[in-house]
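Since the structure comes first, as structure tokens, the remarks are kept for the end.
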């Protein structure tokens, strides 16, 4: 049995960029270490959920972390984010993933979905956003997460998560805060919850607009965090997990609360240290060093690196290329021939549009005694020729577990994890 290191380079896959002479950031990058891993292992293309279907981070990472597709289809981002910040909410409460955002004075037109990627002061803002009375015996509270992200929790009876978002994320032609609505107009609980959410949006804008921190941000030429955009309504849940079912121990190294939430829901160890961020300034060396420390006591360790996705969302293909090169230059110190090493991503992110896209993710597995497929470079194009073929994320994880030598023959109770 071998131990495993699975590196998730968030948003790694991309499309050809005019700024890189028609290459993707990964194709344009000088990455001798990852190229060598590809040459000594097997490569392929991975679909997080379904071919051509864009997904969020929690869905793509959840699949690589052993959650079955049926559970992922029902797993809301709000529930994951709440778990990530250690929020224990009661059954029946509804939680949302939210962004601090900047709106015009009309309280509707969006200037910036992330309030200039605010990274300081959100704790202070959230203090003023507790136990907000929405009427009808419903209250709401806001809890800060990573950088501009937060969790919104609605408390009350007869609430429903079957409602739409107020965040127009991914809808390029919409620059207004959306009105939440019930997915089923005959669902009284959903109608009631959507009404409360729309009331909350207005109350949050009013409170945040007059907050002293935002007055200070404006005087410093910074965008005020005067609103919140909500999405991914969810209820408390614990998805099934293949790693847990196999009795293996796993750890997650990440600077993002989303990954910490997935770890908590999976009964994995979440490891966070100073310098582990969800930005380009993250301590790559520290994360990889922590991973090797964790491998002393865990069978499988995940290292999550957010920055490629951040650059792609900013439509900065060159920045994404440069960061991939920087990661590769640090990785050279952490290639252990006795480990099964996997590299994949939660999804592809298009640097031309700034949005997630449904293109499959270039991926590799290198193991001490595994097959070598003849691929000599690591990119979207070269992985087409790889021995792993085009597989789903659960198949990639199972392939890695196979290389680790921890799988027995198929049994019917495994069906949830392979279908």
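Residue numbers (the working numbering): 1 to 419.
Note that the Cβ used here is the ideal one computed from N, Cα and C, for glycine as well.
Quantities reported herein were computed from a predicted structural model and do not represent experimental measurements.
Cross-strand partners of residue i (DSSP beta bridge)
i: residue 390; result: 45
i: residue 404; result: For residue 404, which the question treats as bridged, DSSP gives no partner whatsoever.
i: residue 356; result: 349
i: residue 154; result: 94, 140
i: residue 343; result: 7, 364
i: residue 420; result: This structure cannot settle anything about residue 420, because the visible part of the chain is limited to 1 through 419.
i: residue 163; result: 182
Rounded C-alpha distance that separates residue i from residue j
i: residue 398; j: residue 364; result: 13 Å
i: residue 90; j: residue 161; result: 14 Å
i: residue 417; j: residue 223; result: 45 Å
i: residue 306; j: residue 278; result: 5 Å
i: residue 44; j: residue 359; result: 13 Å
i: residue 62; j: residue 245; result: 15 Å
i: residue 138; j: residue 361; result: 42 Å
i: residue 60; j: residue 49; result: 7 Å
i: residue 200; j: residue 229; result: 11 Å
i: residue 140; j: residue 151; result: 10 Å
i: residue 300; j: residue 236; result: 26 Å
i: residue 393; j: residue 210; result: 46 Å
i: residue 350; j: residue 282; result: 22 Å
i: residue 367; j: residue 386; result: 15 Å
i: residue 86; j: residue 98; result: 16 Å
i: residue 93; j: residue 213; result: 29 Å
i: residue 403; j: residue 320; result: 30 Å
i: residue 184; j: residue 3; result: 47 Å
i: residue 103; j: residue 374; result: 52 Å
i: residue 303; j: residue 253; result: 5 Å
i: residue 107; j: residue 326; result: 41 Å
i: residue 153; j: residue 144; result: 11 Å
i: residue 188; j: residue 101; result: 30 Å
i: residue 169; j: residue 248; result: 36 Å
i: residue 342; j: residue 11; result: 16 Å
i: residue 8; j: residue 267; result: 19 Å
i: residue 346; j: residue 324; result: 16 Å
i: residue 379; j: residue 39; result: 12 Å
i: residue 166; j: residue 180; result: 5 Å
i: residue 66; j: residue 400; result: 11 Å
i: residue 20; j: residue 14; result: 12 Å
i: residue 125; j: residue 208; result: 7 Å
i: residue 17; j: residue 157; result: 50 Å
DSSP-derived helix/strand/coil call for residue i
i: residue 446; result: With the chain covering only 1 through 419, there is no way to say anything about residue 446.
i: residue 238; result: coil
i: residue 418; result: helix
i: residue 420; result: The structure shown does not extend to residue 420, since the chain is modelled only from 1 through 419, so no value can be given for it.
i: residue 93; result: coil
i: residue 309; result: helix
i: residue 131; result: coil
i: residue 199; result: helix
i: residue 494; result: No statement about residue 494 is possible, as the shown extent of the chain runs from 1 to 419 and does not include it.
i: residue 148; result: coil
i: residue 13; result: strand
i: residue 85; result: coil
i: residue 270; result: strand
i: residue 410; result: coil
i: residue 398; result: helix
i: residue 75; result: coil
i: residue 23; result: strand
i: residue 182; result: strand
Residue i Cβ short of 6 Å to the ligand GDP heavy atom set
i: residue 47; result: In terms of ligand content, the structure shown is empty, and the ligand GDP therefore cannot be addressed.
Could you pull out every unbroken beta strand (DSSP E) segment of at least 3 residues lying fully inside the region 204 to 268, listed in chain order? For the region 204 to 268, whole beta strand (DSSP E) runs of length 3 or above, ordered along the chain, are 227 to 234, 250 to 253.
Per the contact definition of three or more C-beta pairs closer than 8 Å, is the region 118 to 135 in contact with the region 213 to 229? They touch, by the three-pair rule.
Check whether the region 306 to 315 and the region 331 to 344 are in contact - that is, three or more C-beta pairs closer than 8 Å. In this structure the region 306 to 315 does not touch the region 331 to 344; the number of beta carbon pairs closer than 8 Å is below three.
Does the region 281 to 293 come within contact of the region 322 to 333, defined as at least 3 CB pairs closer than 8 Å? Judged by Cβ distances under 8 Å, the region 281 to 293 makes contact with the region 322 to 333, as three or more pairs qualify.
Using 8 Å as the cut-off, can you tell me whether the region 405 to 416 makes contact with the region 48 to 55, which would need three or more C-beta pairs spanning the two stretches below that distance? No: the two stretches stay apart, fewer than three of their Cβ pairs being nearer than 8 Å.
Do the region 71 to 79 and the region 124 to 142 make contact, defined as three or more Cβ pairs closer than 8 Å? Touching, no, given that fewer than three Cβ pairs across the two stretches are closer than 8 Å.
Counting pairs of Cβ atoms below 8 Å between the region 24 to 42 and the region 232 to 252, do you hit three or more? Touching, no.
Segment contact flag, the region 312 to 320 with the region 255 to 273, C-beta cutoff 8 Å, min 3 pairs: Too few Cβ pairs lie closer than 8 Å, so no.
Where are the beta strand (DSSP E) runs, 3 residues long or more, that stay fully inside the region 274 to 339, in chain order? List check, beta strand (DSSP E) in window: 300 to 305.
Evaluate contact between the region 204 to 211 and the region 81 to 90, counting only Cβ atoms and requiring at least three cross-stretch pairs below 8 Å. Judged by Cβ distances under 8 Å, the region 204 to 211 makes no contact with the region 81 to 90, as fewer than three pairs qualify.
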